[in-house]
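Notes follow once the structure below has been shown.
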Ligand code: FCB
């Protein structure tokens, strides 16, 4: 196996940049019932300089809960074509990425045609490389103006999100192979538990940061999907999700639309364990909200063990990833079965991966997860694709650049991309199997 990836083949496929006004529909990579193999990313985590977003502000105020600011990230805003070429050369046939609302609608109702054109170029780059693009409408970040109006706690938020989705569906829809509305729509619920956000100490930290954001924008309100209270925002998010599915479908394209849910394997232990109630609490109303979807995106990283009193931390001797979760790749088999049985929808694994500095553990994780996925598929679960998180080592939210989830290492000064052994490993599986 060569240590570097030649781009010449991919570059020979076509010149970059067609007219923004006329998306080239015939270039659309059809899903054709084929199993999708790809990687997943989020706009804010890889693009860089997402200065008009709520997260950018939260990273740069004092006090902040972020370890470091996102800054240039992986500079994928400019290097998207290099990223797509690398993914295609590795052997993938699909590409999951996010578009950034804060760029597309920098002020309320003011849409940037230039930024929409930018995402047309990104989509066209995928098609040129033979990658079916699966687009995330909202991967946690929102425009500052939206956060300053209370984010999804604002009763007007569903209409505001619908307006954004309609514009995207109209301008970009014909180039999408698939789309999802919210990434990990239930993240607010999970974050409260994992980060113990209801504790007085955590609440004080969150409050101070959100107040600093509000002050910086001259607002009396500020909301952020990671740190907010789902009791105040979730009903609006469900409404926004439903409206945006319809808005995307009314646009210029014809493609499946889904929702992605953070779903870890949940196992009960001991008498009167609360595993089932815990799972219901974690997923909230979202399994039901998938009724308007063509598929459900499952995002799994680990398993959670629950006794009669709640979450039980993994034992000291349990192998943990660099993100502190239990190393438990088999979780993916459980979650795709659960999602399919609860919703009756086809499943795409829209995220699955591991934070580690030891790439051999990433390879072991991939093999374990794919074995479990393959078994679930053999047992009749309608799984249609696997997107690994992530193509690149990137900005991992509050952890900054300390957690490495990427198949490809990125030099944060030169932006040079260097594939790891795991990238070739997963790429070879994608090339050989075509399906699990
Ligand atoms: C998921 C997020 C994604 C990334 C991975 C590690 O919860 O959707 O952006 O941070 O975790």
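Numbering (this note's numbering), first residue to last: -7 to 428. Where is the CB? At the ideal position from N, CA and C, for every residue including glycine.
Should residue i and residue j be called a contact, given that it needs their Cβ atoms to be closer than 9 Å?
i: residue 169; j: residue 247; result: yes
i: residue 282; j: residue 250; result: yes
i: residue 90; j: residue 130; result: yes
i: residue 225; j: residue 144; result: yes
i: residue 57; j: residue 197; result: yes
i: residue 291; j: residue 175; result: yes
i: residue 259; j: residue 202; result: no
i: residue 418; j: residue 82; result: yes
i: residue 245; j: residue 336; result: no
i: residue 216; j: residue 139; result: yes
i: residue 328; j: residue 298; result: no
i: residue 39; j: residue 67; result: yes
i: residue 359; j: residue 412; result: no
Of all the options the options, which has the alpha carbon lying nearest to the alpha carbon of residue i?
i: residue 386; options: 374, 408 and 222; result: 408
i: residue 349; options: 87, 103, 414 and 271; result: 414
i: residue 388; options: 30, 25 and 35; result: 35
i: residue 126; options: 419, 363, 298 and 289; result: 289
i: residue 231; options: 206, 154 and 300; result: 154
i: residue 304; options: 313, 244 and 317; result: 317
i: residue 213; options: 399, 142, 342 and 229; result: 142
i: residue 384; options: 52, 75, 210 and 370; result: 75
i: residue 137; options: 266, 95, 177 and 85; result: 95
i: residue 27; options: 79, 266, 341 and 308; result: 341
i: residue 361; options: 229, 120, 124 and 293; result: 293
i: residue 173; options: 227, 233, 199 and 228; result: 233
i: residue 116; options: 86, 99, 98 and 97; result: 86
For the alpha helix (DSSP H) containing residue i, name the first residue and the last one.
i: residue 163; result: 149 to 164
i: residue 270; result: 267 to 275
i: residue 106; result: 105 to 120
i: residue 198; result: 192 to 208
i: residue 318; result: Note, residue 318: premise wrong, no alpha helix (DSSP H); not H, not E.
i: residue 179; result: 179 to 186
In whole angstroms, what is the alpha-carbon distance linking residue i and residue j?
i: residue 321; j: residue 357; result: 5 Å
i: residue 416; j: residue 378; result: 16 Å
i: residue 118; j: residue 71; result: 13 Å
i: residue 47; j: residue 133; result: 6 Å
i: residue 264; j: residue 219; result: 31 Å
i: residue 158; j: residue 306; result: 44 Å
i: residue 101; j: residue 330; result: 40 Å
i: residue 182; j: residue 274; result: 6 Å
i: residue 194; j: residue 32; result: 30 Å
i: residue 188; j: residue 59; result: 18 Å
i: residue 135; j: residue 262; result: 45 Å
i: residue 16; j: residue 167; result: Note that residue 16 has pLDDT 43, beneath the 50 cutoff, so the model's placement of it is unreliable and no number is given.
i: residue 279; j: residue 372; result: 20 Å
i: residue 410; j: residue 300; result: 46 Å
i: residue 178; j: residue 284; result: 17 Å
i: residue 52; j: residue 44; result: 12 Å
i: residue 78; j: residue 354; result: 19 Å
Taking 9 Å as the threshold (beta carbon to beta carbon), is residue i in contact with chain D?
i: residue 162; result: Structure shown: chain D not included; a single protein chain is present.
Return the bridge partner residues of residue i from the DSSP annotation.
i: residue 172; result: 128 and 250
i: residue 426; result: According to DSSP, residue 426 bridges with nothing at all.
i: residue 340; result: 289 and 377
i: residue 299; result: 302
i: residue 88; result: 32 and 126
i: residue 384; result: 400
i: residue 45; result: 135
i: residue 99; result: 102
Tell me which residue opens and which closes the beta strand (DSSP E) that residue i is part of.
i: residue 29; result: 28 to 32
i: residue 78; result: Counting along the chain, residue 78 falls outside any beta strand (DSSP E), though it belongs to the alpha helix (DSSP H) covering 68 to 82.
i: residue 259; result: 257 to 260
i: residue 400; result: 400 to 402
i: residue 411; result: 409 to 411
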